[in-house]
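The next block holds one structure in the form of structure tokens; read it before the comments.
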Amino acid sequence: MTLDTATAVRPGSTDQMPRVVLAARGLRRDFAGFVAVKDVDLDIHHAKIHALIGPNGAGKTTIFNLLTKFLQPTSGRIELLGTDITRAPPARVARMGLVRSFQISAIFPHLTVLDNVRVALQRPSGLGYQFWRSLSALDQLTPRARELLAIVGLDDAAHRLAGDLSYGRKRVLEIATTLALDPKVLLLDEPMAGMGHEDVGMISGIIRSLAKDRAVLMVEHNLTVVADLCDWITVMQRGQVLAAGDYATVSQDERVRVAYMGTEHGGTEHE
Amino acid sequence: MSEATLHQERAAASLRLERALIALGIVALIAAPFFIYPIFVMKMLCFALFACAFNLLLGYTGLLSFGHAAFFGGAAYFCAYAVKAWGWPPEAAILLGTAGAALMGLVMGFLAIRRQGIYFSMITLALAQMFYFFCVQAPFTEGEDGIQGVARGTLFGIVDLNAPMTMYFFVLAVFLIGIFAVWRIVNSPFGMILRSIRENENRAISLGYSVGRYKLAAFVMSAALAGFAGATKAIVFQFATLTDVTWQMSGEVILMTLLGGIGTMVGPVAGAGLVVGLENTLATSGFPVTIATGLIFMVCVLIFRRGIVGEVYARWLGRKG
Chain Y
42 MTLDTATAVR PGSTDQMPRV VLAARGLRRD FAGFVAVKDV DLDIHHAKIH ALIGPNGAGK
102 TTIFNLLTKF LQPTSGRIEL LGTDITRAPP ARVARMGLVR SFQISAIFPH LTVLDNVRVA
162 LQRPSGLGYQ FWRSLSALDQ LTPRARELLA IVGLDDAAHR LAGDLSYGRK RVLEIATTLA
222 LDPKVLLLDE PMAGMGHEDV GMISGIIRSL AKDRAVLMVE HNLTVVADLC DWITVMQRGQ
282 VLAAGDYATV SQDERVRVAY MGTEHGGTEH E
Chain X
4 MSEATLHQER AAASLRLERA LIALGIVALI AAPFFIYPIF VMKMLCFALF ACAFNLLLGY
64 TGLLSFGHAA FFGGAAYFCA YAVKAWGWPP EAAILLGTAG AALMGLVMGF LAIRRQGIYF
124 SMITLALAQM FYFFCVQAPF TEGEDGIQGV ARGTLFGIVD LNAPMTMYFF VLAVFLIGIF
184 AVWRIVNSPF GMILRSIREN ENRAISLGYS VGRYKLAAFV MSAALAGFAG ATKAIVFQFA
244 TLTDVTWQMS GEVILMTLLG GIGTMVGPVA GAGLVVGLEN TLATSGFPVT IATGLIFMVC
304 VLIFRRGIVG EVYARWLGRK G
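If you read the sequences in order, they're chains Y and X.
Under our numbering, the first residue of the first sequence is numbered 42, with each subsequent residue one higher.
Under our numbering, the first residue of the second sequence is numbered 4, with each subsequent residue one higher.
Have a look at this one:
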């Protein structure tokens, strides 16, 4: 699908979401002479899970930072739900429904687990700037916050300090706060990194249910997870797109096997 | 679960302790002028409010301003000038000083929040120094002499502030209103967002918060409250001079806040009390005040980094941060 057909269907004009919700064309980013990302085209579809894979330093996190506007692209164009966001500030992009997670779990460590989620619910409820009201004004957000914590299995830890949680539970807390915004496009930077086997299964389940009515783009190293979960895979190498397609197509690609596995005979890990 | 209830219990205990300390403090402040020289306590209260206003920014938003003297001293000038040149009543002059400080905060904050960390601090310092040199040159500040002989006047046209006790209870009221404002802001939905920005700015952005606006709002509120304290001080001492706009004054408020404990409500008050008390005690002894405060600051950094009140909270209640 091209960028033009994507813009043809505008959100709100019909009941249906446009198929391509996030599109990038000719994305490029230079860092003082070093080209971190070069000529990258991406289409992220509604209700699909996309994976971005590739060796370390391939530019995956840079792409996340470019798409969420934490970094400004040197050239190229990004469209979210038919709107050009190439020059938009990151907070506005987040308000438009493109929400990201971070490689290092991004939580507010000295707030309680419940407050972490309530902070995310506060802005959409118009409670952000109210400096004259008591904190009890936030009590109206508690039922929804508890629902979200229940989805990720953190309801028993609501009053603990977020910084005291185990690594895996911090990551699911981050997912719960992200969900609070009900994003249209969810960008997950290595959601399974450093997790035990049972947690990987749980997070896979959460991501799959999230993708039912939103687009998901995730960076992931665990190829078993990618094969199992993702509908579309983009393989990156040295800042460029090496191959794209579903898992069967990509895993058969000779260039991918050489680049990603380091050997022509390297089989796929999940087999 | 037991850990969760433990955390709740600790939070409740620290809340109880803070409430008890505040109640005790208010009683002590009402009784104070009958035992201690009132002017000295008033000076302490003005600086305590100044430090609390500063702590709103450093302790609860994570921004280190090195130019808060501009708001404190600037408001003192505006207030003193309004009384002396235009014959304004004290309450209107104090409000003018506060509004002036807020406006300066808007301009300085707008320029400074574009940078982070040490660069933010340096920009606030540079802008405050520009304001200092403006005050040295501008005719309305009367240069090295300062604005002298500012009449205390009558509050709302009824209460004569020339009586020391009346003046004292007016300052106490200003102090309590100011402290309540800081407490309200910190414990509000807005304060919650400030805390989350301090904890993890990028995460706050990714949740859709325009953090620049929140920082600017906090900066203006902090500047206005610092101005509230500075303007009141001008009425108490009946003058406004260059001392209050120097960079040393910006440094002093940082010292007070760190000594008492950043991020606590009581800490800056205790820190201001300690520094002002020390200055007053040593002023007559001939021992250099800066050496004494410097030594205390070194001890503080080496032994109790959280500040006096912060350390008490941490030791007794296991409260972090």
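Beta carbons: idealized from backbone N, C-alpha and C, even for Gly.
Neighbourhood of residue i by C-beta, 8 Å cutoff - its chain only, sequence neighbours within 5 removed
i	result
G152(X)	K87, Q241 and F242
R69(Y)	V76, V78, K79, D80, V81, P114, T115, S116 and G117
Q181(Y)	S166
F69(X)	S124, M125, T127, L128, A131, W250, S253, G254 and I257
V278(X)	F50, E255, L258, M259, L262 and T296
L114(X)	I126 and L130
Within-8 Å CB hit, residue i to chain X
i	result
F143(Y)	yes
P52(Y)	In this prediction, P52(Y) scores a pLDDT of 44, lower than 50, which makes its location untrustworthy; no coordinate-derived value is stated.
Q293(Y)	no
P131(Y)	yes
A49(Y)	Bear in mind that the predicted position of A49(Y) carries a pLDDT of just 42, short of 50, making it unreliable; the figure below should be weighed with that in mind. No, A49(Y) does not count as interfacial toward chain X.
Q163(Y)	yes
L39(Y)	Because chain Y in this structure spans residues 42 to 312, residue 39(Y) falls outside the shown range and cannot be described.
H151(Y)	yes
V158(Y)	no
A191(Y)	no
G169(Y)	yes
R128(Y)	no
T265(Y)	no
Nearest neighbour of residue i, chosen from the options [CA to CA]
i	options	result
G270(X)	Y217(X), R309(X) and F290(X)	R309(X)
H214(Y)	L112(Y), K225(Y) and A198(Y)	Reading the sequence as shown, one finds Leu at residue 214(Y) and not His. Ranking L112(Y), K225(Y) and A198(Y) by Cα distance to L214(Y) puts A198(Y) first.
A229(X)	I121(X), A102(X) and P93(X)	A102(X)
L52(X)	G274(X), A221(X), S199(X) and E282(X)	G274(X)
F111(Y)	P130(Y), G98(Y) and G123(Y)	P130(Y)
N165(X)	F81(X), I238(X) and L245(X)	I238(X)
R155(X)	S225(X), G211(X), L197(X) and Y84(X)	Y84(X)
L206(Y)	T153(Y), T265(Y) and A65(Y)	T153(Y)
L32(X)	V177(X), D148(X) and V302(X)	V177(X)
A289(Y)	I248(Y), Q278(Y) and A268(Y)	A268(Y)
H151(Y)	S199(X), S288(X) and F231(X)	S199(X)
L258(Y)	G204(Y), M243(Y), R279(Y) and V226(Y)	V226(Y)
L121(Y)	V61(Y), P96(Y) and S142(Y)	V61(Y)
Residue i (DSSP reduced to helix, strand or coil)
i	result
M259(Y)	strand
Q251(X)	helix
T275(Y)	strand
R308(X)	coil
V269(X)	coil
A237(X)	helix
H238(Y)	helix
V292(X)	helix
F74(X)	helix
G62(X)	helix
V193(Y)	coil
L152(Y)	coil
A284(Y)	strand
L20(X)	helix
L63(Y)	strand
T157(X)	strand
Beta-carbon proximity list for residue i, same chain, < 7 Å, skipping 5 on both sides
i	result
V248(X)	A72, A73, G76, G77, F134, Y135 and C138
P36(X)	V44, M168 and Y171
L197(X)	Y63, T64, Y217 and A221
S224(Y)	First, the residue type needs correcting, since residue 224(Y) is Pro and not Ser in the sequence shown. Cβ neighbours of P224(Y) beyond the five flanking positions: G138, L139, V140 and R255.
L12(Y)	Any question about residue 12(Y) goes unanswered here, given that chain Y covers just 42 to 312.
Neighbour flag for residue i against chain Y, beta carbons, 8 Å
i	result
R206(X)	yes
E147(X)	no
N58(X)	no
M195(X)	yes
E202(X)	yes
V185(X)	no
I116(X)	no
R13(X)	no
Cutoff 6 Å; reference residue i; Cβ partners in own chain excluding five residues on either side
i	result
G308(Y)	Any reading at G308(Y) needs caution, since the residue's pLDDT is 43, under 50, leaving its predicted position unreliable; the model's value is listed next. Cβ neighbours of G308(Y) beyond the five flanking positions: none.
G65(X)	R201
E314(X)	F307
L189(Y)	V158, A217, L220 and A221
R272(Y)	Arg is not the amino acid found at residue 272(Y); the sequence shown has Asp there. Counting only Cβ-Cβ distances below 6 Å, and skipping sequence neighbours, we find K89 and I90.
P92(X)	G156
D45(Y)	Because the pLDDT at D45(Y) is just 45, under 50, the model does not fix this residue reliably, and the point stays unresolved.
Quiz prompt | In chain order, each beta strand (DSSP E) run of at least 3 residues that lies wholly inside the segment 113–150 of chain Y | solution = 116–121 and 139–141
Practice problem: Go through the segment 160–245 of chain X residue by residue and report every complete run of the beta strand (DSSP E) that reaches 3 residues or more, in order. | Solution: none
Quiz item: Could you give the uninterrupted runs of the alpha helix (DSSP H) lying entirely in the segment 67–117 of chain Y, keeping only those of 4 residues or more?
Solution: 101–108
Practice problem: Starting from the N-terminal side, write out each stretch of the alpha helix (DSSP H) that is 4 residues or longer and does not extend beyond the segment 201–252 of chain Y. | Solution: 208–221 and 238–251
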